[in-house]
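Participant:
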Amino acid sequence: MAHRIGRRKNVKKGFQFTLMVVGASGLGRTTFINTLCDADVVPKRESDEPDMAHVEEGIKIKPYTVELDEDGVKISLTVVDTPGFGDMIDNEYCFQEILGYLERQYDDILSEESRIKRNPRFRDNRVHALLYFITPTGHSLREIDIELMKRLSPRINVIPVIGKADTFTPFELAEFKKRVMEDIEHHNIPIYNFPFDPEEDDEETVEENSELRSLLPFAMIGCEEEIMVNGRKVRGRQYPWGIVEVDNTQHCDFAKLRFALLSSHLQDLKEITHDYLYENYRTEKLSRSAENLSD
Amino acid sequence: MSTPEVGAGIGIANLPNQRHKIVAKRGASLTLMVCGESGLGKTTFINTLFTTTIKTPKNYKRRYNKSAEKTVEIEIIRAELEEKQFNVKLSVVDTPGFGDYTNNRDSWMPIIDFIDDQHESYMRQEQQPKRHELSDMRVHCCLYFIRPTGHTLKPLDIEVMKRLGTRVNLIPVIAKADTMTPTDLHKFKKRILEVIAAQNIQCYSFPLESDDDASTRRNMSIMAAMPFSIIGSTEDVLTADGRTVKGRQYSWGVAEVENEDHCDFKKLRQLLIRTHMLDLISSTEESHYENYRHAQMETRKIGEAK
Chain A
1 MAHRIGRRKN
11 VKKGFQFTLM
21 VVGASGLGRT
31 TFINTLCDAD
41 VVPKRESDEP
51 DMAHVEEGIK
61 IKPYTVELDE
71 DGVKISLTVV
81 DTPGFGDMID
91 NEYCFQEILG
101 YLERQYDDIL
111 SEESRIKRNP
121 RFRDNRVHAL
131 LYFITPTGHS
141 LREIDIELMK
151 RLSPRINVIP
161 VIGKADTFTP
171 FELAEFKKRV
181 MEDIEHHNIP
191 IYNFPFDPEE
201 DDEETVEENS
211 ELRSLLPFAM
221 IGCEEEIMVN
231 GRKVRGRQYP
241 WGIVEVDNTQ
251 HCDFAKLRFA
261 LLSSHLQDLK
271 EITHDYLYEN
281 YRTEKLSRSA
291 ENLSD
Chain B
1 MSTPEVGAGI
11 GIANLPNQRH
21 KIVAKRGASL
31 TLMVCGESGL
41 GKTTFINTLF
51 TTTIKTPKNY
61 KRRYNKSAEK
71 TVEIEIIRAE
81 LEEKQFNVKL
91 SVVDTPGFGD
101 YTNNRDSWMP
111 IIDFIDDQHE
121 SYMRQEQQPK
131 RHELSDMRVH
141 CCLYFIRPTG
151 HTLKPLDIEV
161 MKRLGTRVNL
171 IPVIAKADTM
181 TPTDLHKFKK
191 RILEVIAAQN
201 IQCYSFPLES
211 DDDASTRRNM
221 SIMAAMPFSI
231 IGSTEDVLTA
241 DGRTVKGRQY
251 SWGVAEVENE
261 DHCDFKKLRQ
271 LLIRTHMLDL
281 ISSTEESHYE
291 NYRHAQMETR
301 KIGEAK
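First to last, the protein sequences are chains A and B.
In terms of full-length UniProt numbering, the first sequence has 197 at position 197, counting the first letter as 1, and numbering is strictly consecutive.
In terms of full-length UniProt numbering, the second sequence has 54 at position 54, counting the first letter as 1, and numbering is strictly consecutive.
The structure is reproduced here in structure tokens:
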């Protein structure tokens with residue numbers, strides 16, 4: 001219940017939330033960010049020169065901040081994009097880059113906390129959630145998917161999503177989701193799975209969280225364009241055989257995920273980041289330095 | 001000097017028919033390679049192309065039994081197809097594991113080695129005293145499956161395609177094309193062709209001119225569609241207007257395999273099976289094999305090991 005009380009208190013001031021988006025290019029990551037913010041936040045990828053296409057660019061970490069208004073609640077949303085992930089022939093380096101970025105934000109907090117005189121305008125850049133875009137192969141998780149989620153989950157709430165989910169028929173989607181969750185369990189990957197306590201929490205919370213948990217990994221379809229469907233204007237993709245609507249919960253899980261991230265579970269994600277993930281990092285780091293001193 | 005016209009004809013014009021009879025009797029042997037990351041519909045495509053289960057779908061229950069070895073395998077599936085008394089011995093070479101790992105450096109080696117090994121093996125056999133029963137696994141065509149990202153070819157794609165293009169008839173295809181809207185597809189195709197040209201990747205091409213206008217036009221329309229966008233499906237589904245077709249049934253409509261407004265499957269099938277199968281085979285024997293042999297002969301003596 002804590003997150004709901006917290007929400008009422010902060011409604012006037014607004015919230016700050018930082019989300020990182022990771023996934024191979026071509027999975028709709030950039031489109032997702034723009035669809036989420038309903039604005040052209042991330043510029044369209046510039047076409048590289050064809051004779052430079054063989055050059056391995058490497059991963060870049062790019063934060064963008066937007067001010068959103070969610071039903072009267074102001075949210076200062078920072079989205080951290082990670083173009084270049086998984087695009088190289090050897091992608092080992094990518095993991096270190098992302099991990100390094102996350103830990104640097106923790107380091108900043110750590111040093112700020114230790115100051116005698118703290119900066120009242122200190123900006124907390126810790127990342128509260130990571131949306132990992134899984135390639136819709138139709139089989140199961142690939143090695144790079146497993147590696148990424150395993151290595152990053154000690155430092156951040158990992159939420160797996162399926163990019164370009166309109167590749168799947170309804171049956172294929174259900175099967176793929178099932179296999180992905182089986183893989184996640186088999187490899188012991190601790191993802192953010194909308195935790196609830198059936199004994200402590202009220203029925204509404206249990207139901208809400210169970211539903212979100214059952215949707216994992218969230219099927220994403222992104223689209224920035226509006227098209228006409230039966231006289232209405234919708235955000236969707238127009239195929240020769242039909243139109244896929246982004247905001248239609250029968251077509252994908254975008255709307256539900258958006259609500260979870262920016263409304264219902266925003267506080268929970270922040271609290272877990274601060275009370276648990278950051279604390280673990282702090283303990284590990286301080287113990288290491290204590291060890292080093294005593295050597 | 002002009003070639004004298006043979007008056008009344010001596011029967012040279014009948015040679016194509018003779019060749020047809022010889023081939024019809026002997027049947028053809030086709031080795032097709034499919035290459036690309038997993039999950040791009042390679043198996044489904046093969047089964048769709050030959051309207052029969054050439055390769056069975058993956059058994060997911062066994063996925064945790066895989067060894068920790070990160071290798072690219074070469075898998076050969078053989079089938080014998082017959083249509084109207086014409087036989088084709090089909091071999092499909094699959095390359096599971098390619099592009100699937102975090103580090104894919106040099107993952108193309110097993111694939112390139114396989115292609116070269118077939119040329120090598122044929123060359124050796126040809127040099128034997130007894131050579132009437134040659135086993136020929138030379139790859140006649142390699143379909144390279146490109147992920148439908150909508151952006152461009154990845155460095156890994158470029159590295160492999162460059163190496164494939166000089167050794168085998170390379171045909172790039174855009175996999176799972178039903179992920180892309182027509183505009184996106186058009187842009188993507190254009191982009192890929194630009195990169196292929198800029199990176200000097202050799203793709204399969206064939207002479208467009210033919211005896212009749214209809215064939216020439218058809219050839220041109222096939223070439224213009226490269227890289228071919230494909231949708232694969234072995235399932236029969238019902239369309240909105242009541243037809244039963246091979247396709248994929250989404251909540252928002254049915255993508256049809258054989259509908260030329262939906263994908264280029266028909267054109268590719270035309271190319272591979274109906275019109276250019278013999279050209280794929282003969283160009284492998286005449287061009288690619290000869291190139292290999294030539295390169296080897298320059299540095300080696302007959303009979304010497306590689």
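For glycine and all other residues, C-beta sits at the position ideal for the given N, C-alpha and C.
All values reported here derive from a predicted model rather than from experimental measurement.
Kindly list, in the order they appear in chain A, the residues whose Cβ is closer than 9 Å to that of B:Thr181.
Facilitator: Result: Arg237, Gln238, Tyr239 and Pro240.
Participant: Consult DSSP for A:Pro217 and reduce its assignment to one of helix, strand or coil.
Facilitator: DSSP places A:Pro217 in coil when its eight states are reduced to three.
Participant: Can you list the residues of chain A that B:Leu156 reaches, using a CB-CB cut of under 7 Å?
Facilitator: Near B:Leu156 (Cβ distances below 7 Å), the residues of chain A are Ile89.
Participant: What does the Cβ neighbour count give for A:Pro136, buried or exposed, with the cut at 16 atoms within 10 Å?
Facilitator: Buried is the call here.
Participant: Taking only beta-carbon positions, decide if A:Pro170 is within less than 8 Å of chain B.
Facilitator: True, the Cβ-Cβ gap to chain B drops below 8 Å.
Participant: For A:Ile243, which of helix, strand or coil comes out of DSSP?
Facilitator: In the structure shown, A:Ile243 sits in a strand (DSSP, three-state: E or B).
Participant: Within its chain, find whatever has a CB closer than 7 Å to the CB of A:Ile109; leave out the 5 residues flanking it on each side and keep chain order.
Facilitator: So the list reads Asp124, Arg126 and Tyr278, once near-sequence residues are dropped.
Participant: Looking at the structure shown, is B:Asn87 part of a helix, part of a strand, or coil, going by DSSP?
Facilitator: DSSP places B:Asn87 in strand when its eight states are reduced to three.
Participant: Run through DSSP, which three-state label would A:Asn248 get?
Facilitator: In the structure shown, A:Asn248 sits in coil (DSSP, three-state: anything other than H, G, I, E or B).
Participant: Ordered along the chain, which non-local residues of its own chain (more than five positions away) have a Cβ less than 7 Å from that of A:Asn119?
Facilitator: Glu112.
Participant: Give me the Cβ distance between B:Asp264 and B:Ile230, rounded to the nearest whole Å; I'm assuming they're in contact under 8 Å.
Facilitator: About 6 Å separates the two Cβ atoms, so the contact holds.
Participant: Could you tell me which uninterrupted beta strand (DSSP E) segments, each at least 3 residues in length, are contained entirely in the region 123-208 of chain A, listed from first to last along the chain?
Facilitator: For the region 123-208 of chain A, whole beta strand (DSSP E) runs of length 3 or above, ordered along the chain, are 129-134 and 158-162.
Participant: For B:Pro148, is the classification buried or exposed, using 16 other Cβ atoms within 10 angstroms of its Cβ as the cut-off for buried?
Facilitator: Buried, since its Cβ has 16 or more Cβ neighbours within 10 Å.
Participant: Could you tell me if A:Lys233 is buried or exposed, where buried requires 16 or more neighbouring beta carbons within 10 angstroms of its beta carbon?
Facilitator: It counts as exposed.
Participant: By the 10 Å Cβ neighbour count, where 16 or more other Cβ atoms means buried, how is A:Lys164 classified, buried or exposed?
Facilitator: Answer is buried; the Cβ neighbour count reaches 16.
Participant: Return the residue from the list B:Lys84, B:Ser283 and B:Gly99 that minimises the CA-CA distance to B:Phe206.
Facilitator: Closest by alpha carbon: B:Ser283.
Participant: Taking any Cβ of chain A, which residues in the region 170-195 of chain B have a Cβ under 8 Å from it, in chain order?
Facilitator: Residues Lys176, Asp178, Thr179, Thr181, Pro182, Arg191, Glu194 and Val195.
Participant: In chain order, what residues of the region 247-263 of chain B put their CB closer than 9 Å to some CB of chain A?
Facilitator: Those would be Gly247, Arg248, Gln249, Tyr250, Ser251, Trp252, Gly253, Val254, Ala255, Glu256, Asn259, Asp261 and His262, in chain order.
Participant: Between the Cα of A:Cys223 and the Cα atoms of A:Arg235, A:Glu199, A:Ile116 and A:Glu203, which residue gives the shortest distance?
Facilitator: Comparing Cα positions, the closest option is A:Arg235.
Participant: Can you tell me the Cα-Cα spacing of A:Gln96 and B:Ala214, whole angstroms?
Facilitator: Computed Cα separation, rounded: 58 Å.
Participant: Please report the straight-line C-alpha distance between B:Arg131 and B:Arg124, rounded to a whole angstrom.
Facilitator: Going by the C-alpha atoms only, they are around 10 Å apart.
Participant: Can you tell me where the alpha helix (DSSP H) holding B:Met277 begins and where it ends?
Facilitator: From DSSP, the alpha helix (DSSP H) with B:Met277 extends over Met277 to Ser283.
Participant: Once the 5 residues before and after A:Tyr281 are set aside, which same chain residues still bring their CB inside 6 Å of it?
Facilitator: Hits under 6 Å: Tyr106.
Participant: Quick one: grab the DSSP three-state call for A:Ser287.
Facilitator: If DSSP states are grouped into helix, strand and coil, A:Ser287 belongs with the helices.
Participant: Within 8 Å of any Cβ in chain A, is that where the Cβ of B:Gln127 sits?
Facilitator: Taking Cβ atoms only, chain A never reaches closer than 8 Å to B:Gln127, which makes this a no.
Participant: Listed in chain order, which residues of the region 85-117 of chain A have Cβ atoms closer than 9 Å to some Cβ of chain B?
Facilitator: Listed by position along the chain: Gly86, Asp87, Met88, Ile89, Asp90, Asn91, Glu92, Cys94 and Phe95.
Participant: On the DSSP bridge list, what partners appear for B:Ser38?
Facilitator: B:Ser38 is not bridged to any residue.
Participant: Would you kindly work out how many angstroms separate the C-alpha atoms of B:Ser287 and B:Ile281, rounded to a whole number?
Facilitator: Straight-line Cα distance between these residues: approximately 10 Å.
Participant: Buried or exposed for residue 309 of chain B, going by 16 or more other Cβ atoms inside 10 Å?
Facilitator: Residue numbering for chain B in the displayed model covers 1 to 306; residue 309 of chain B lies beyond these limits and cannot be assessed.
Participant: Where does B:Thr216 sit, in a helix, a strand or coil, going by DSSP?
Facilitator: Here B:Thr216 sits in helix by DSSP.
Participant: Can you confirm whether B:Ser38, when its beta carbon is compared against all beta carbons of chain A, has any partner nearer than 8 Å?
Facilitator: Yes, contact with chain A.
Participant: DSSP on B:Gln118, reduced to helix/strand/coil?
Facilitator: Here B:Gln118 sits in helix by DSSP.
Participant: Can you name the residues of chain B whose CB is closer than 7 Å to the CB of A:Ser25?
Facilitator: Under the 7 Å cutoff, chain B gives Thr149 and His151.
Participant: Taking the C-alpha atoms as reference points, what is the distance between B:Ile10 and B:Asp211?
Facilitator: Spanning the two alpha carbons is a distance of roughly 20 Å.
Participant: Once the 5 residues before and after B:Lys176 are set aside, which same chain residues still bring their CB inside 6 Å of it?
Facilitator: Once the five neighbours on either side are set aside, the close Cβ partners of B:Lys176 are Gly41 and Pro148.
Participant: Using a C-beta to C-beta distance shorter than 7 Å, which residues of chain A count as neighbours of B:Arg63?
Facilitator: Here the neighbours are Ser140.
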